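Numbering (the numbering used here), first residue to last: 40 to 284.
Structure first, commentary second.
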Amino acid sequence: MDGVVKVAVSGALGSMGKFTCAAVLQDAGLALVAAVDPRYAETDDSFPDYCPHFVTVESALGAVEVDVLVDFTQPAVVLANVLAALQRRVAPVVGTTGLSDESLSRIAAECRRQDTPTFVAPNFALGAILMMQFAREAAQHLDACEIVELHHTGKLDAPSGTAKRTAGLVEEEWGKRSHQAQVPVHSVRLPGLVAHQEVIFGGLGETLTIRHDSLSRESFMPGVVLAVKRVRNLQGLVVGLENII
Ligand SMILES: NC(=O)c1ccc[n+]([C@@H]2O[C@H](COP(=O)([O-])OP(=O)(O)OC[C@H]3O[C@@H](n4cnc5c(N)ncnc54)[C@H](O)[C@@H]3O)[C@@H](O)[C@H]2O)c1
Numbered sequence: 040m041d042g043v044v045k046v047a048v049s050g051a052l053g054s055m056g057k058f059t060c061a062a063v064l065q066d067a068g069l070a071l072v073a074a075v076d077p078r079y080a081e082t083d084d085s086f087p088d089y090c091p092h093f094v095t096v097e098s099a100l101g102a103v104e105v106d107v108l109v110d111f112t113q114p115a116v117v118l119a120n121v122l123a124a125l126q127r128r129v130a131p132v133v134g135t136t137g138l139s140d141e142s143l144s145r146i147a148a149e150c151r152r153q154d155t156p157t158f159v160a161p162n163f164a165l166g167a168i169l170m171m172q173f174a175r176e177a178a179q180h181l182d183a184c185e186i187v188e189l190h191h192t193g194k195l196d197a198p199s200g201t202a203k204r205t206a207g208l209v210e211e212e213w214g215k216r217s218h219q220a221q222v223p224v225h226s227v228r229l230p231g232l233v234a235h236q237e238v239i240f241g242g243l244g245e246t247l248t249i250r251h252d253s254l255s256r257e258s259f260m261p262g263v264v265l266a267v268k269r270v271r272n273l274q275g276l277v278v279g280l281e282n283i284i
C-alpha cells in the first residue's frame, strides 16, 4: 500500500457516507481501512464489505492505521470526531455542516497543537463553488441580494453551510465598496430535493438569478476524493473547496 492514502469514513451508513465509501473503494490511490457509524451496533448492515466496521471514531483510530478521516455525520458530533482524529495526528476532511465559528476556532487551535491539517468544505460540488464565485462577482455591481436554499427533509441544519458562506462572500464584497447590508437567507426543506440554491440579485428593472442543483450525492464525490488526496499537504485549518482546486 505504498503511497496509498489510508482512509476512515465516519457516518459510513449515512447517505453521504455510503457514497464516500464507494468513491474511496473505486480510487486506486485510496484504501478504505475503517467504516465508523454508531448504527453498526443496531443493524446487521454489512456495508461496506471490504473493511472493518466500528461504532466510534476513537475505537477505529485505536485499531487501524489511518491517514485521513472523512466525516459526514451530524452537527452535534462532528467536533468530537475531528478532535479525536487530530489527537492521533490523523488529518480530517469534514463535509458535515453546522460547525459554529467557535468550533472552527477550536479545530484551528488543535491543528496547531498537533501540527496536523484539517480541511472543511460546506459544499464539495464544483458547480456550487462556481455559483459562489459568480455571486461574488455580481455583488461588485448589484446592491440587493437574497438567497433561497432548498434541501431534503433529512438535513438537520438551516440555513445551509453553503448559503451562509455565499451570504458572507456577497456581504464581504459589498463591504469593500462601503455598502453595509445583510443577505436574507430562506430555507426550504421538502422530500424529493437533494441540495439546491438560488442567489437572486435585484437591480433597476432587472434580476439576476444564479442557481446550482446537486441532483445526486455523487456530485460531491470528485471534491471529496480531491480533498482526501490534498489535505495532508495543507497547513492548519483550511475552509472551502475553492482553496484546493
Ligand atoms: N459538504 C458537502 O458537500 C455536503 C453535502 C451533503 C451533505 N453534507 C452534510 O453531511 C452531513 C451528513 O449528511 P447525510 O445526508 O449523509 O446524513 P445522514 O443522516 O444520512 O448520515 C449521518 C450518519 O452519521 C452517523 N453518525 C451519527 N453519529 C456519529 C458518530 N458520532 N460517529 C460516526 N457516525 C455517526 C449516523 O448514524 C448516520 O448514519 C450533514 O451535516 C449534511 O449537511 C455535506
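Virtual Cβ for every residue (Gly too), placed ideally from N, Cα, C.
Predicted model, so just to flag it, every value in this text is computed and none were measured.
So is the beta-carbon of residue i under 7 Å away from any non-hydrogen atom of ligand 1?
i: LYS194; result: yes
i: SER54; result: yes
i: GLN113; result: yes
i: PHE86; result: no
i: THR135; result: yes
i: VAL116; result: yes
i: ARG78; result: yes
i: SER217; result: no
i: ASN282; result: no
i: ASN272; result: no
i: GLY50; result: yes
i: VAL103; result: no
Could you give the DSSP three-state label for residue i: helix, strand or coil?
i: PRO198; result: coil
i: ASP110; result: strand
i: VAL294; result: Within the shown structure, residues of the chain are numbered from 40 to 284, placing residue 294 beyond reach of any answer.
i: LEU229; result: coil
i: SER98; result: helix
i: LEU138; result: coil
i: SER54; result: helix
i: ALA174; result: helix
i: GLU211; result: helix
i: GLU81; result: coil
i: GLU257; result: helix
i: ALA70; result: strand
i: GLU149; result: helix
i: ALA216; result: Looking at the sequence provided, one finds Arg at residue 216 rather than Ala. Coil, per DSSP.
i: ALA164; result: coil
i: VAL103; result: coil
Please report whether the beta-carbon of residue i lies at a distance below 8 Å from any beta-carbon of chain B.
i: GLU81; result: Given the protein chain composition of this structure (a single chain), no chain B is represented.
In this structure, what does DSSP give as the bridge partners for residue i?
i: PHE158; result: VAL132, VAL277
i: ARG250; result: GLU237
i: PHE93; result: VAL75
i: VAL224; result: ILE186
i: GLU245; result: GLY242
For residue i, report the span of its beta strand (DSSP E) as first-last.
i: GLU185; result: 183 to 190
i: PHE240; result: 234 to 242
i: VAL46; result: 44 to 49
Locate the alpha helix (DSSP H) running through residue i, then write down its first and last residues.
i: ASN120; result: 117 to 126
i: GLY193; result: That residue, GLY193, is in no alpha helix (DSSP H); it is neither H nor E in DSSP.
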